[in-house]
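Using the UniProt record's numbering, read the sequence shown as starting at 1 and increasing by one per residue. Everything on this sheet refers to the single structure shown next.
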Amino acid sequence: MTTTQPATAPARATAPAPARASGLAALRRLPVWRRLLTLLALPLILVVIWWVTSDRADSFFYPPLRDILATFGPTWFEGRLTPDVVPSLGRLLAGYALAMVIGVGLGTAIGLSSRLRAFLEPVLEFFRAIPPPVMVPILMLFLGIGTGMKVFVIAAGAVWPILLNTVEGVRGVDEVLRDTARTYRLGRLTQLRTLVLRGATPQIVTGARQALSIAIILMVISEMFAAHNGLGFTIVQFQRSFAMPEMWTGIILLGLVGVVLSVLFRIIERPVLFWYHGQRQSHRGGN
Numbered sequence: 001m002t003t004t005q006p007a008t009a010p011a012r013a014t015a016p017a018p019a020r021a022s023g024l025a026a027l028r029r030l031p032v033w034r035r036l037l038t039l040l041a042l043p044l045i046l047v048v049i050w051w052v053t054s055d056r057a058d059s060f061f062y063p064p065l066r067d068i069l070a071t072f073g074p075t076w077f078e079g080r081l082t083p084d085v086v087p088s089l090g091r092l093l094a095g096y097a098l099a100m101v102i103g104v105g106l107g108t109a110i111g112l113s114s115r116l117r118a119f120l121e122p123v124l125e126f127f128r129a130i131p132p133p134v135m136v137p138i139l140m141l142f143l144g145i146g147t148g149m150k151v152f153v154i155a156a157g158a159v160w161p162i163l164l165n166t167v168e169g170v171r172g173v174d175e176v177l178r179d180t181a182r183t184y185r186l187g188r189l190t191q192l193r194t195l196v197l198r199g200a201t202p203q204i205v206t207g208a209r210q211a212l213s214i215a216i217i218l219m220v221i222s223e224m225f226a227a228h229n230g231l232g233f234t235i236v237q238f239q240r241s242f243a244m245p246e247m248w249t250g251i252i253l254l255g256l257v258g259v260v261l262s263v264l265f266r267i268i269e270r271p272v273l274f275w276y277h278g279q280r281q282s283h284r285g286g287n
């Protein structure tokens with residue numbers, strides 16, 4: 001009686017996990033064309049709905065999708081790609097990289113030190129509660145309206161998911177592993193590289209994914225204030241000049257930029273977390 005009870009409890013607790021894993025594995029075993037069809041089915045349906053509903057609309061502010069698509073190429077690939085799209089992507093990547101450096105560095109330090117965490121927590125909670133767009137007029141007074149202000153706004157908003165997830169990831173490292181590392185007298189840098197950061201990487205990646213969408217939003221918002229180029233500036237200019245098809249092309253372009261960056265993020269994520277996905281797969285029974 002005492003030997004069968006511990007054996008059945010874990011089986012009931014882990015039963016749903018292999019089912020989810022088998023569903024994901026079944027999707028991966030599908031042919032490439034069926035996998036692409038599964039991923040693109042909903043976007044295609046939404047595009048068809050937009051095409052049908054807009055084609056019968058007579059609103060000036062809601063032009064037909066066929067007119068928007070016909071305007072897309074001439075609007076962005078005949079003179080606006082280099083002066084508007086490239087600077088926006090440069091600011092986005094610079095602000096995102098700055099947020100990653102600050103978030104991972106400061107989050108690791110806070111996660112490792114309970115005293116530092118208790119000292120900084122009230123200040124961090126205060127600044128985290130301030131919406132970054134509200135800081136744009138204030139930052140304009142100190143940093144001007146140049147690229148530095150826009151990069152700082154992006155970094156100031158995108159840093160919080162990275163910082164908070166890094167803190168929790170570092171705090172969540174197994175204490176048994178910490179004791180084992182100290183027993184083997186591993187150096188602090190070795191422990192930081194091979195134990196702390198490696199163990200916190202899944203949550204750091206989660207925070208980085210959340211920060212990417214926030215960075216795109218702040219890129220657009222920062223360019224709407226006293227700018228002379230960029231995606232946000234151009235979309236606002238189209239709206240003010242009542243160029244509705246061109247304005248909608250900018251919105252579509254922003255969506256495409258988000259999709260491309262999300263795909264690139266997943267491509268980079270796979271080799272970074274290959275050990276984590278393998279560990280989860282083994283815990284789920286190897287399916």
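The C-beta atom is built at its ideal place from N, Cα and C for all residues, glycine as well. Since we're looking at a predicted model, the values are computed, not measured.
| Query | Result |
| --- | --- |
| Nearest neighbour of Q239, chosen from Y62, P74, V32, L46 [CA to CA] | Y62 |
| CB contact flag (L112, V205, <9 Å) | no |
| Nearest to M100 (by Cα), restricted to the options G250, A215, H228 | A215 |
| Residue 292: first and last residue of the uninterrupted alpha helix (DSSP H) it sits in | Lying before the first or after the last residue shown, residue 292 is absent from the chain, which here runs from 1 to 287. |
| Rounded distance between the beta-carbons of L139 and F152, thought under 8 Å | 6 Å |
| N-terminal and C-terminal residue of the alpha helix (DSSP H) that G105 is part of | 86–112 |
| Candidates A70, S213, V123, L177: closest to L197 by CA position | L177 |
| Rounded straight-line distance, which links the Cα of G278 to that of P16 | Confidence is the limiting factor: at P16 the pLDDT is only 41, short of 50, which leaves the residue's position unreliable, though a coordinate-based value still follows. Computed Cα separation, rounded: 18 Å. |
| Extent of the continuous alpha helix (DSSP H) to which I268 belongs | 244–272 |
| Reference A70; option with closest CA among T82, L195, P83, W51 | W51 |
| Member of L186, K150, R209 whose CA lies at the smallest distance from the CA of I268 | R209 |
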